[in-house]
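Written out below as structure tokens is the structure these notes cover.
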Amino acid sequence: MKKLAVLISIPLFLLSCGNKEEGKSIDELIESENLTEIRAKKTELSKEQSDLTQKLDKLDQAINRLDKSRRLDLIMTQEITDTLFKHYAEVQGDVATDENIVIYAEFSGILQDVRVKEGAQVRKGQVLAKIDDGGLSSELAQLETQATLAKTTFERQQRLWEQNIGSEMQYLEAKTNYESMQNSVNRLKSQLNKTIVRAPFSGIIDEIITEEGEVVNPGQSQLFRLVSLKNMYVEADVPEGYLNKINKGTEVLVEISSLGREFEGEVRRVGNTINPNNRSFSIQVTVPNENGMLKPNQIATLKLNDYTAENAVIIPENALLKNAQGQSVVFIYNEKEATKDNIGIAKRQIVETGYTYNSQVEITSGLKAGETLIVEGAKNLRDGQEVKIRN
């Protein structure tokens with residue numbers, strides 16, 4: 001080490017002495033304003049500087065070879081492999097269901113006999129409540145009695161007519177009277193059926209809007225809110241630029257931040273029109289609803305798979321650097337031959353990039369599988385610098 005220090009100090013001493021003498025001659029040359037001599041002196045000094053740089057480089061190499069205590073830049077590496085890469089475009093949407101309705105009264109009267117409570121599970125067709133029929137039941141019973149008599153009269157007249165007994169007019173009158181009475185019974189039954197409020201589908205009574213005993217009117221009075229949480233989907237508006245990338249069946253990841261969960265789904269419907277106000281089209285994405293966790297109107301983030309590449313080269317985003325020309329640069333680790341202790345050379349490599357997603361960058365050229373990428377410690381490296389792995 002002492003010999004190396006002496007070797008380094010000698011040329012530096014000579015260089016400092018030479019600079020003092022050359023400084024005087026340079027001042028004299030500048031004062032003489034002799035352009036030819038000034039240029040010649042510059043050429044001479046440039047050659048001396050080049051020679052000194054080469055000597056210093058040799059000394060550095062000798063120091064690096066002999067100094068076992070020198071510190072190398074520590075790096076972390078990862079072997080590059082080809083893999084499946086998917087890029088997702090993110091849009092906001094709302095959880096919805098087609099089975100989320102308000103049940104209205106279909107008959108005018110007093111709401112009575114409410115048979116469900118809020119939060120109750122109901123089946124399709126189950127009776128939820130009844131509305132006072134205002135005497136329709138009694139009227140129906142009378143009509144049914146009259147219809148029975150009309151039917152008996154018609155059947156008797158029909159038998160006589162088949163035996164060529166009686167007139168055709170009597171037969172036709174009996175038939176018409178029976179059919180008219182039967183139509184009246186059916187019409188009254190239809191009206192009476194509207195006094196019974198039934199569930200149009202299986203679901204949950206989310207809210208009882210009208211209490212028992214209140215007067216209700218058809219088409220105006222809201223009775224119940226019925227919700228089914230089985231067939232859930234997310235509806236969202238997607239920018240027009242993705243129209244040729246999103247189709248029915250496209251894979252989608254659905255993130256529900258309020259639940260801290262992510263679901264897999266697929267596009268079940270793509271809108272056929274573009275909204276002129278925001279230049280977007282609507283989509284619906286089916287999502288599973290295990291244990292009824294999803295609720296209508298929850299906010300969801302849709303991650304639409306708009307790009308997929310097989311056998312892609314993917315690197316961490318923080319391993320990618322930029323040079324002065326704005327080019328994308330990475331450092332590759334090359335192991336030195338006959339060298340121990342994970343010491344190698346960092347080689348700078350210009351690459352071209354593709355999509356970036358989830359802190360991962362697709363490299364379209366400049367890297368290949370099997371190479372060793374420096375993923376940490378590359379920011380201050382020089383091309384060809386000696387480094388040590390600390391994985």
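Numbering (UniProt numbering), first residue to last: 1 to 391. Glycine included, every Cβ here is placed at the ideal spot set by N, Cα and C.
Check: Who are the Cβ neighbours of E376 in its own chain at under 6 Å, not counting the five residues just before and after it?
Finding: M76
Checklist entry - Excluding sequence positions up to five away, which residues of its chain have a Cβ less than 7 Å from the Cβ of T210? => result L111, V216, S221, Q222 and L223
**Study point:** Three or more C-beta pairs below 8 Å linking the segment 224-234 and the segment 90-104
**Key:** The segment 224-234, when compared against the segment 90-104, does touch it at the 8 Å Cβ threshold.
Can you tell me which residues form a DSSP beta bridge with F224?
I103 and I208
Discussion item. Less than 8 Å between the C-beta atoms of residue 442 and Q121, yes or no?
Written reply: This structure gives no information on residue 442, because the portion of the chain shown stretches from 1 to 391.
For the alpha helix (DSSP H) holding L136, just list the boundary residues, first then last.
L136 to E162
| request: Compute the Euclidean distance between the alpha carbons of L172 and M181, then round it to the nearest angstrom. | output: Our two residues, L172 and M181, have alpha carbons roughly 14 Å apart in a direct line.
Quiz item: By Cβ distance below 7 Å, which residues in the same chain neighbour T286 in space, the five residues on each side in sequence not counted?
Solution: Y233, G265, E266 and R268
Taking just the CA atoms, how far does Q191 sit from L130?
Before going on, a small fix: residue 130 reads as Lys here, not Leu. C-alpha separation (whole angstroms): 13 Å.
- With a threshold of 16 other CB atoms inside 10 Å of the CB of I299, please say whether the residue is buried or exposed. Of the other Cβ atoms in all chains shown, fewer than 16 fall within 10 Å of the Cβ of I299; this residue is therefore exposed.
**Request:** Please determine if the segment 276-291 and the segment 246-255 are in contact, where contact requires at least 3 C-beta pairs separated by less than 8 Å.
**Result:** With a cut-off of 8 Å, the segment 246-255 and the segment 276-291 count as touching, because enough Cβ pairs lie within range.
Item checked: Burial state of V330, where buried means 16 or more other Cβ atoms lie within 10 Å -> buried
Under the assumption that A319 contacts A378 (Cβ atoms under 8 Å), give the Cβ distance between them as a whole number of angstroms. 6 Å
Exercise for the section: Please determine, among E37, I63, Q78 and T36, the residue with the shortest C-alpha to C-alpha distance to L373. Expected result: Q78
*asked:* By DSSP's criteria, Y233 is part of a beta bridge. Which residues make up the other side?
replied: Per DSSP, A96 and T286.
Rounded Cβ spacing between V270 and N247 (contact assumed at less than 8 Å): 7 Å
Across which residues does DSSP place S365 in a beta bridge pair?
Answer is E352.
Using 10 angstroms around the beta-carbon of S69, count the other beta-carbons present and answer buried if the total reaches 16, otherwise exposed.
Residue placement at S69 cannot be trusted, given a pLDDT of 49 that sits under 50; what the coordinates show is reported in the next sentence. Classification for S69: exposed.
Query raised in the report: Exposed or buried, which one is G344 when buried takes at least 16 other CB atoms within 10 Å?
Result: Counting the other Cβ atoms within 10 Å of the Cβ of G344 gives 16 or more, which makes it buried.
Give the straight-line distance between the Cα atoms of G109 and G134, rounded to the nearest whole angstrom. Each residue's Cα considered, the two are about 7 Å apart.
| request: Note down the Cα distance separating R382 from S359, rounded to an integer number of angstroms. | output: Going by the C-alpha atoms only, they are around 25 Å apart.
| task | Return the bridge partner residues of F331 from the DSSP annotation. | result | Under DSSP, F331 takes part in a beta bridge, and its partners are R348.
task: Indicate the three-state DSSP secondary structure (helix, strand or coil) for E22 in the structure shown.
output: Legend: pLDDT at E22 = 45, less than 50; position of this residue unreliable, no value from coordinates given.
Shortest alpha-carbon distance to G93 belongs to which of A40, D237 and F201?
D237
Under the DSSP definition of a beta bridge, which residues are partnered with V197? DSSP, once it has assigned bridges, lists A129 as partnering V197.
What is the DSSP secondary structure of Q325, reduced to helix, strand or coil?
-> coil
Point to revise | Identified DSSP bridge partners for P316 | key: Q360
Exercise. Under a three-way DSSP split, which group does R382 fall into?
Worked result: coil
| task | Go ahead and pull the three-state DSSP assignment for V270. | result | Note: V270 maps to strand in three-state DSSP.
query = Does DSSP classify V387 as helix, strand or coil?
reply = strand
| Hey, would you say E387 sits closer than 8 Å to Y333, going by beta carbons? | For the sequence presented, residue 387 should be read as Val rather than Glu. Yes, the pair counts as a contact, with Cβ atoms nearer than the cut-off.
**Request:** Would you kindly check if the distance between the Cβ of N177 and the Cβ of A199 is under 8 Å?
**Result:** Their beta carbons are not under 8 Å apart, which means A199 does not touch N177 by this criterion.
Should V313 be labelled buried (16 or more other beta-carbon atoms within 10 Å of its own) or exposed?
buried
Can you give the Cα-Cα distance for K245 and G125, rounded to whole angstroms?
42 Å
query = According to the Cβ coordinates, are Q170 and Q157 closer than 8 Å?
reply = yes
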